[in-house]
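The structure appears right after this line, and notes come after that.
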Amino acid sequence: MKTRIELFREKLREKEVDSALVTSWQNVFYLSGFTGFGDAFLFITQQAQYILTDSRYLVQAKEECPDFDIKNIPVSDYGKIAGFIQEQNVKYIGFEDNHISFLTYKKVTELCTNCSFAAIGGIIEDIRCIKSADEIEIVRKACDIVVETFNDVLGFIKEGVSEKEVAAEIEYGIRKRGADKTSFDTIVASGYRGALPHGTASDKVIKKGEAITMDFGAFYNGYCSDITRTVFLGEPDEKMREIYNVVLNANKKAIDSFETGMTGRDLDQIAREYISNAGYGDEFSHGLGHGVGVQVHEEPRITKYGDKELVEGMIFSIEPGIYVEGLGGVRIEDLATVVDGKLTVLTKNAPKEMIIL
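For the sequence shown, this note's numbering gives the first residue as 18, with consecutive numbering after it.
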């Protein structure tokens, strides 16, 4: 099996590029294993691979990246970066146009007078799209962490508790179970605030009869998980009960309907048509899902723009939602991976049938 670096070099050759400056911390980590997030670049040629970082990380880089040549070159020292690149006698340098800062690009291209530059944004992301068995196991563990945390936090939710208190309990549970941190800002949105798809936790106090949407993830060993569940504190009214069942059935239908050869667009359409036929099409305001891995949002896209075929090794979310301004909202999100032409749900042990606390 080809290594990640070998696959990357192959893609560079296809673009007739003989080297690349990798600047996004996610791709630095993916290709090298270096965890000094944000404080290193990679420079990769067809024959060699280098980590450019500063003196704070030299020992760490040597320990984490034995296959790389470590250079004491800070990412903010554009003169040293350019000088080093020119010493490698390369002609065509690929840069991550979807990540590199304008300042870094401007300085390096101005100083590398003997080189030409080519945009290669998305190449590494496409490689990342297909996870190895080891990567899937890491994401599975990150999913186990959030599933256990969800099941535990149900006992904490009661009338008079604020959204921020629930979020704090979730984040403590994630860290307590071995995660390095959360994979994004925890969302807790209750009552009318549930109509905000990304309603991060506020000081609002949870009341009887309200829906509580919790969307959170664990960052574990360099990989993310992501889950959403909506629960009720006391009996919901008929409208919210109806909305919940529509979202739940859309989630199940998308998962159960998956077949080999489907794209993200196909899967999105299945859930979207179900919700639209139930009368809530305008209230489903986002795509059905997204890839998850080193980043919590990555390829493949499970939206109307998702033209990638969904194949073995991909991990992505299925998260239909309905949001009604002034009333509230419901979202149910699972992470799934393709196995033998079907979807295996990694978050299945977090109940998603209606929970009334």
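Virtual Cβ for every residue (Gly too), placed ideally from N, Cα, C. Bear in mind that the values here come from a model prediction, so they are computed numbers and not experimental data.
Cβ distance (whole Å) where F51 is taken to contact E81 below 8 Å:
Their Cβ separation, rounded to whole angstroms, is 5 Å, which keeps F51 and E81 in contact under 8 Å.
Beta-bridge partners of N89, as assigned by DSSP
T70
In the DSSP assignment, find the alpha helix (DSSP H) that holds L352 and state where it starts and stops.
Looking at the DSSP string, L352 is not in any alpha helix (DSSP H); the run it does join, the beta strand (DSSP E), is 351 to 356.
When the Cβ atoms of the stretch 333 to 353 are set against those of the stretch 225 to 232, are three or more pairs found closer than 8 Å?
yes
So what's D151 in DSSP terms, helix, strand or just coil?
helix
How is the alpha helix (DSSP H) around D56 delimited, first residue to last?
Where D56 is concerned, there is no enclosing alpha helix (DSSP H), given that its DSSP letter is neither H nor E.
Quickly, what does DSSP pair L38 with across the bridge? List them, please.
Beta-bridge pairing links L38 to F60, F112.
Where I373 and V205 are concerned, what is the direct C-alpha to C-alpha distance, given to the nearest angstrom?
17 Å
Count the CB pairs spanning the stretch 312 to 327 and the stretch 266 to 286 that are closer than 8 Å, and state whether there are at least three.
yes
Beta-ladder partner(s) of E315, from DSSP:
G308
Just to confirm my understanding: we take K175, look at its own chain, exclude 5 residues before and 5 after, and list those with CB closer than 8 Å. What are they?
I223, L250, L374
DSSP beta-bridge partners of R348:
R348 has G338 as its beta-bridge partners, per DSSP.
Residue from V92, K365, V107 whose Cα sits closest to the Cα of L120:
V92
Can you find the residues in the same chain that come closer than 8 Å, C-beta to C-beta, to R26, ignoring five residues on each side of it along the sequence?
I61, Q63
What are the start and end residues of the alpha helix (DSSP H) that includes F25?
21 to 31
Following the continuous beta strand (DSSP E) through I174, name the residue where it begins and the one where it ends.
Segment: none, I174 is in no beta strand (DSSP E) and carries neither H nor E.
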